[in-house]
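Colleague: Heads up: the sequence lines are chains A and B, in that order. Residue numbers 1 to 418, in the numbering used here, belong to the letters of the first sequence in order. Residue numbers 419 to 836, in the numbering used here, belong to the letters of the second sequence in order. For glycine and all other residues, C-beta sits at the position ideal for the given N, C-alpha and C. Once you've had a glance at the structure underneath, I'll fire off some questions.
There are 2 protein chains.
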Amino acid sequence: MAKNAFYAQSGGVTAVINASACGVIEAARAHPDKIGKVYAGRNGIIGALTEDLIDTSQESDAAIAALRHTPSGAFGSCRYKLKSLEESKREYDRLMEVFKAHDIGYFFYNGGGDSADTCHKVSQLSERVGFPIQAIHIPKTVDNDLPITDNCPGFGSVAKYIAISTREASYDVRSMAKTSTKVFIIEVMGRHAGWIAAAGGLAADDENDIPIVILFPEVEFDEERFYARVKEMVEKYDYCSVVVSEGAKWPDGRFLAEQGTRDAFGHAQLGGAAPVVANMIKEALGYKYHWAVADYLQRAARHIASKTDVEQAYAVGRAAVEMALEGANAIMPTIVRKSSAPYAWEIGQAPLSEVANVEKMMPREFISENGFGITQACRDYLTPLIQGEDYPPYENGMPKYVTLKNAPVPRKLDDFAL
Amino acid sequence: MAKNAFYAQSGGVTAVINASACGVIEAARAHPDKIGKVYAGRNGIIGALTEDLIDTSQESDAAIAALRHTPSGAFGSCRYKLKSLEESKREYDRLMEVFKAHDIGYFFYNGGGDSADTCHKVSQLSERVGFPIQAIHIPKTVDNDLPITDNCPGFGSVAKYIAISTREASYDVRSMAKTSTKVFIIEVMGRHAGWIAAAGGLAADDENDIPIVILFPEVEFDEERFYARVKEMVEKYDYCSVVVSEGAKWPDGRFLAEQGTRDAFGHAQLGGAAPVVANMIKEALGYKYHWAVADYLQRAARHIASKTDVEQAYAVGRAAVEMALEGANAIMPTIVRKSSAPYAWEIGQAPLSEVANVEKMMPREFISENGFGITQACRDYLTPLIQGEDYPPYENGMPKYVTLKNAPVPRKLDDFAL
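Here is the structure:
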């Protein structure tokens, strides 16, 4: 009798995590002899813990296919970290109980570093208790910080969005610079690593001589050098674009965004590195500015997703199922770069023991010597990842995204308090 | 002998103002017997005042065609308002001097209300001094606040961007709401009128039951009613999206963005209605939030421009030239809506005496009774304006926008101090 599969989405969602879900479910549907139903966790792993499962077999093939072009997490995601097998013993035992009750033999967990760790532990526990679960982690993170895999699905689309938005806004400020705005500041995601900020550098190229100053989390912020650089750019070009990572920090380790701003009632600052940097430039150099904070817009922007990213997100979902059917356990499908130009990639795999809790930082040789830009090596790495457009279908001028029925699987167990 | 034409871009640029420039230049090139060269003002009207003219005849047909898909103002724009013929006599006299020196018989001015007024005055002065100039205003404004014309080129693309971005971010926050973000706030442009904010309402429709709370400049902000509405939505849907216009105001007339925030050095607030609203929600209701400020991204987003908007922007540019060739003066081509469903429009014209200095506000019947949403009448108005996609060409994953050579026309006059 074919075992059922469990699939869950974890952490911050992306423009293409549903493409991975699509890959998982379509691959599973192609093997009804080996995989029964695919149950999804409602709101991620919380759905497993509370036995709040979604029966994806109730969704039509068309609805599942539409996941490929729908941003966000169709089953809901969550931020809920399981700790060690000892500390979170109650939760891990519950997972086993739920998996047994619903005859689940496959655990597909779609997320970043923390979920790779959880996935690894589920696999270990399953061996220890003698209840066989093949646990496969499916990579997803806009932060691009998972090890071994050349890149993470989700990142390419954010990179494309930020590169395009920075180019478009730079054209805008260039038009206005004579009498109005001279500096445009865009804040991008990436609390720990500057991968997304680096993508802002792609706004400039041989045919687009745009002055861009990037503030990376990896580079200690030097106020005076920053002002000097912005001033130099404005004097040369009459304008300048600044891409600031939300993770950019003062030398003392505080984020730029935390500069002790208080409102009239003494409440803590309202957040945002972009307005802080804008104000600093205004005070130091007197330039008129505009600033934007892309926030969720950047990771939800399925309308301008990278075709490469969509294909890879789908492929890792599909590969997870295929690897499981070949007997794999405690692994993660990876993206292996065979060549940058022309770009060629294939699916590989990495043992979860080598993935869990390892963060891949941006190499120093990707950041220009002055610390404010990207190098050719960085361009060579990033450019393939934003290749191609994969437009969603439109109706009435709006993208037609799918909202699933998300029908619950009847419960069999008692309540579980989180 | 064919007279030359002068074209200038004025005020904040848009995703499609260059499509109007494309329409003007292509139409002029089609009539070499009647129009000599098209000179563009470098940085708008300032280029005319300082005799800093751009010879567009140096640009290839392909480069001019590429303006149709290039955002921003290709010749530079400016914020420089001419006042009455008396107060700004020196400037108006100078314009005449420059136009005479360069044998200019056509004045095409592409902008909003202020430039319509300038255009009107140039036409009046030209009659008064007996130097014939046909002055035609070409409508452009993301604010959609020009009278008589059914809508303004530039608005439809911002509306589409905001509607799509709000839908995408709403899908995202919906995914995260169980354990994380419950309220997403997006700030949009529109200091005087809520047209752009209204477009956020299009994120929801019959197939997308998304809770959206809009803060319009037209509706006095009632803090308690706002909290109650957000709470109601979060309790019903588990999340909520807020679209706040930069023009939203406290009952005493201050913008929401100006709430007296000071940084550690006592400097005035860093700006942004979105972070202010986010903080208010957090304090009053305790919901975790995320916020975005789209700023220039929204008006520069040619990558997701409305096809209708692009076509109309091009059409008003073309029509301006054709009307001039038919002898028109002191008019503005308008967009006339013949039918909403199916959408049908044609080009009309309005005398500048009726356009200048009149601001079109959003009708009250476009705002729902509770003040936080849009009505069906508003949807019927907005929906046609965001119809269709008009994707730019891509190369290496990035949109291929054109940067013109912008070769200067040799000067003939003395310097002029602004």
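1. Within the 8 Å Cβ cut-off, does Q794(B) reach chain A?
2. How many Å lie between E326(A) and I792(B) at the Cα?
3. Residues of chain B with CB closer than 7 Å to the CB of Y39(A), please, in chain order.
4. Which runs of the beta strand (DSSP E) spanning at least 3 residues fall entirely within the stretch 531–557 of chain B, listed in chain order?
5. When we look at the beta-carbon of K89(A) and count the other beta-carbons within 10 Å, is it buried (16 or more) or exposed?
6. Closest to C78(A) by C-alpha separation, out of D55(A), D93(A), Y109(A) and R94(A), would be which residue?
7. Taking G286(A) as the query, report the chain B residues whose CB atoms sit under 7 Å from its CB, ordered along the chain.
8. Strictly by DSSP, which residues pair up with I603(B)?
9. How far does the alpha helix (DSSP H) with R508(B) in it reach, from first residue to last?
10. Is L503(B) closer than 8 Å to G530(B) when the C-beta atoms are compared?
11. Is V431(B) close to chain A, meaning its C-beta is less than 8 Å from at least one C-beta of that chain?
12. Which residues of chain A have a Cβ atom closer than 9 Å to the Cβ of R508(B), listed in chain order?
13. Hey, is the stretch 152–168 of chain A in contact with the stretch 116–130 of chain A, meaning 3+ C-beta pairs nearer than 8 Å?
14. Would you identify the three-state DSSP class for P351(A), choosing helix, strand or coil?
15. When you check each C-beta in the stretch 704–726 of chain B against every C-beta of chain A, which residues fall closer than 9 Å?
16. Using the beta-carbon of each residue, which ones in chain B are nearer than 9 Å to I196(A)?
17. Under 8 Å Cβ-Cβ, which residues of chain B neighbour I214(A)?
18. Does the beta carbon of S20(A) come closer than 8 Å to any beta carbon on chain B?
19. Comparing C-alpha positions only, which one of A328(A), V183(A) and G76(A) sits nearest to L404(A)?
20. Indicate whether the contact test is met: 3 or more Cβ pairs, each with one atom in the stretch 241–254 of chain A and one in the stretch 199–219 of chain A, closer than 8 Å.
21. Given a limit of 9 Å on CB to CB distance, which residues of the stretch 69–98 of chain A reach chain B?
22. Using Cβ-Cβ distances below 8 Å, what residues of the stretch 570–587 of chain B are close to chain A?
23. Tell me the residue span of the alpha helix (DSSP H) that contains Y841(B).
24. Is I632(B) helix, strand or coil by DSSP?
25. Going by DSSP in three states, L467(B) sits in which element: helix, strand or coil?
26. Give the interface partners of T50(A) over in chain B, defined as CB-CB distance under 8 Å, in chain order.
27. List the endpoints of the continuous beta strand (DSSP E) containing Y457(B).
28. Secondary structure at Y161(A), three-state DSSP: helix, strand or coil?
29. Could you round the C-beta distance between D521(B) and P826(B) to whole angstroms and report it? I think they count as a contact, below 8 Å.
30. From the DSSP output, read off the bridge partner residues of T752(B).
31. Starting from G3(A), trace the beta strand (DSSP E) both ways and give me its first and last residue.
32. Hey, how far is the Cα of A177(A) from the Cα of V234(A)?
33. Quick check: V442(B) and G735(B), are their CB atoms within less than 8 Å of each other?
34. Determine the DSSP secondary structure at M398(A), reduced to helix, strand or coil.
35. Can you give the Cα-Cα distance for R447(B) and N461(B), rounded to whole angstroms?
Modeller: Considering the structure as presented:
1. no
2. 54 Å
3. Within chain B, no residue comes near Y39(A); the closest Cβ sits about 17 Å away, beyond 7 Å.
4. 552–557
5. exposed
6. Y109(A)
7. Ordered by position in chain B, no residue passes the 7 Å Cβ test against G286(A), which lies about 13 Å from the chain.
8. V660(B) and W709(B)
9. K507 to A519
10. no
11. yes
12. The premise fails here: R508(B) is roughly 18 Å from chain A at the closest Cβ pair, so nothing lies under 9 Å.
13. no
14. strand
15. H708, W709, A710, V711, A712, D713, Y714, L715, Q716, R717, A718, A719, R720, H721, I722, S724, K725 and T726
16. In chain order: nothing, as chain B lies at least about 15 Å away.
17. Residues of chain B passing the Cβ test: none, with the nearest at roughly 17 Å.
18. no
19. G76(A)
20. yes
21. T70, P71, S72, G73, A74, F75, G76, S77, C78, R79 and Y80
22. K578, A581, I582, S583, R585, E586 and A587
23. Outside the shown range of chain B (419 to 836) lies residue 841(B), about which nothing can therefore be said.
24. strand
25. helix
26. Result: empty, since nearest Cβ-Cβ is about 10 Å, beyond 8 Å.
27. I453 to G459
28. helix
29. Actually they do not touch by this definition, with Cβ atoms about 17 Å apart.
30. G766(B)
31. One detail in the question is off: residue 3(A) reads as Lys in this sequence, not Gly. It spans K3 to Q9 - the beta strand (DSSP E) in which K3(A) sits, taken as one unbroken run.
32. 9 Å
33. yes
34. strand
35. 22 Å
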